[in-house]
Amino acid sequence: MASNEPIIVKKIEEVTGGGHHGGGWKVAYADFMTAMMAFFLLLWILAASDEEALRGLADYFTPSLSQSGGRGQGMLDGQVIASNGDQGGSNSPDGNTRLPTFGMDNPLAVFDSRLRDEKTDAVVEYETQPDGTMIETTQENQPTAAEAKAEARANEEQFQAEVKEREANMANLEADIRQHIQDRTDLQDLGENLRFDRTPDGLLVQIMDKEGRSMFTRGSARVDSRTRDLLRIIGEAIVDMKNDIVITGHTDAVPFVNNQGYSNWELSADRANATRRVLIDTGVSPARIKRISGLASTEPLNGADPTAAENRRINVMLSYPEPLRPKR
Numbered sequence: 030m031a032s033n034e035p036i037i038v039k040k041i042e043e044v045t046g047g048g049h050h051g052g053g054w055k056v057a058y059a060d061f062m063t064a065m066m067a068f069f070l071l072l073w074i075l076a077a078s079d080e081e082a083l084r085g086l087a088d089y090f091t092p093s094l095s096q097s098g099g100r101g102q103g104m105l106d107g108q109v110i111a112s113n114g115d116q117g118g119s120n121s122p123d124g125n126t127r128l129p130t131f132g133m134d135n136p137l138a139v140f141d142s143r144l145r146d147e148k149t150d151a152v153v154e155y156e157t158q159p160d161g162t163m164i165e166t167t168q169e170n171q172p173t174a175a176e177a178k179a180e181a182r183a184n185e186e187q188f189q190a191e192v193k194e195r196e197a198n199m200a201n202l203e204a205d206i207r208q209h210i211q212d213r214t215d216l217q218d219l220g221e222n223l224r225f226d227r228t229p230d231g232l233l234v235q236i237m238d239k240e241g242r243s244m245f246t247r248g249s250a251r252v253d254s255r256t257r258d259l260l261r262i263i264g265e266a267i268v269d270m271k272n273d274i275v276i277t278g279h280t281d282a283v284p285f286v287n288n289q290g291y292s293n294w295e296l297s298a299d300r301a302n303a304t305r306r307v308l309i310d311t312g313v314s315p316a317r318i319k320r321i322s323g324l325a326s327t328e329p330l331n332g333a334d335p336t337a338a339e340n341r342r343i344n345v346m347l348s349y350p351e352p353l354r355p356k357r
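Per the working numbering, the sequence shown starts with residue 30, numbered consecutively.
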């Protein structure tokens, strides 16, 4: 019976090497990356160094100091051949061995000189001009603090001079107009109907009504004969000036009664337009008149009394070419 039993073969595979090996590979990888970083840093230093610095590096790694190895005598007894063909190493007068200097008193100065920022001749910058073009400027052209202060003072003085010149021109214009009015005996009383205001935008000439003395026919844009003469005097005084002109009509707050829808808005605009025609007839260039408008009673001169006569007026603004501003 026993000889007839089947033979059973078991195959057992033995696992060797076993599972997790820990993090030792990370340490090796970190050392590898550190070595690579040092290698590329060395390459960068070599690429950034000039001939003198490279010579200093070469002297640093091959110092001209005679050294003897500890394993017997060789052909040169362990001595280093200097770059000039002589054996390296020398003694000082006192008999002691002189340490290598690497071509300079302080070998680290080679690296210090490369790591320090070098002084550049000029810092290049670009400035945009009013016409949109770019010009190149350098730091050498930049003013010092004293020069900038002097330039600012000069700009301020120039600005004040231009302001005074403009004010003087407008004062002369006002004096000229008033003098011409005084020269006309039939217009002398109209001097009270004129008001001159100097504003940042220019000279504002206001032609106002007075009680019992209207510049226009009541409720109409028809110019009174004496008002026309007054406007001619103003036109002749400004005919040679270059200032742009803006004409604005104003009325009082008394409602305009008209069954055809004609209101103070239309009346103020028509009076401004009538003033424009008189100035052009005097010789003022039409191109200088930039705008005419009517504001009705929205901007009274006498806000305390919206129905006051002086609220009925024509404003003639002589605008400056451009507002004056100090240079920065």
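Ideal Cβ positions, reconstructed from N, Cα and C, are used throughout, including at glycine.
Uninterrupted beta strand (DSSP E) stretches at least 3 residues long and entirely within the region 252-289 occur at 273-279, given in chain order. Bounds of the alpha helix (DSSP H) holding I206 are A174 to D212.
Rounded to the nearest whole angstrom, the C-alpha separation of D238 and D273 is 25 Å. Within the model, the alpha-carbon separation for D212 versus E203 is close to 14 Å. Rounded to whole angstroms, the gap between the alpha carbons of A266 and D205 is 7 Å. Within 10 angstroms of the beta-carbon of F245 lie 16 or more other beta-carbons, which makes it buried. I276 is the residue among K319, N331 and I276 whose C-alpha sits nearest the C-alpha of I343. CA-to-CA, the gap between L324 and A179 works out to about 48 Å.
Taking all protein chains shown into account, A174 has fewer than 16 neighbouring C-beta atoms within 10 Å of its C-beta and is therefore exposed. At a Cβ-Cβ threshold of 8 Å, L223 and I236 count as neighbours. Listed in chain order, the non-local C-beta contacts of S297 below 7 Å within the same chain comprise G278, H279, T280, G323, L324 and A325, local neighbours out to five positions each way being set aside. Residue environment analysis places D88 among the buried positions, since at least 16 neighbouring C-beta atoms fall within 10 angstroms of its C-beta. Here A338 is buried: its Cβ has 16 or more other Cβ atoms, across all protein chains shown, within 10 Å. If you ignore the 5 residues before and after G248, its C-beta comes within less than 8 Å of the C-beta of F285 and L296, all in its own chain and listed in chain order.
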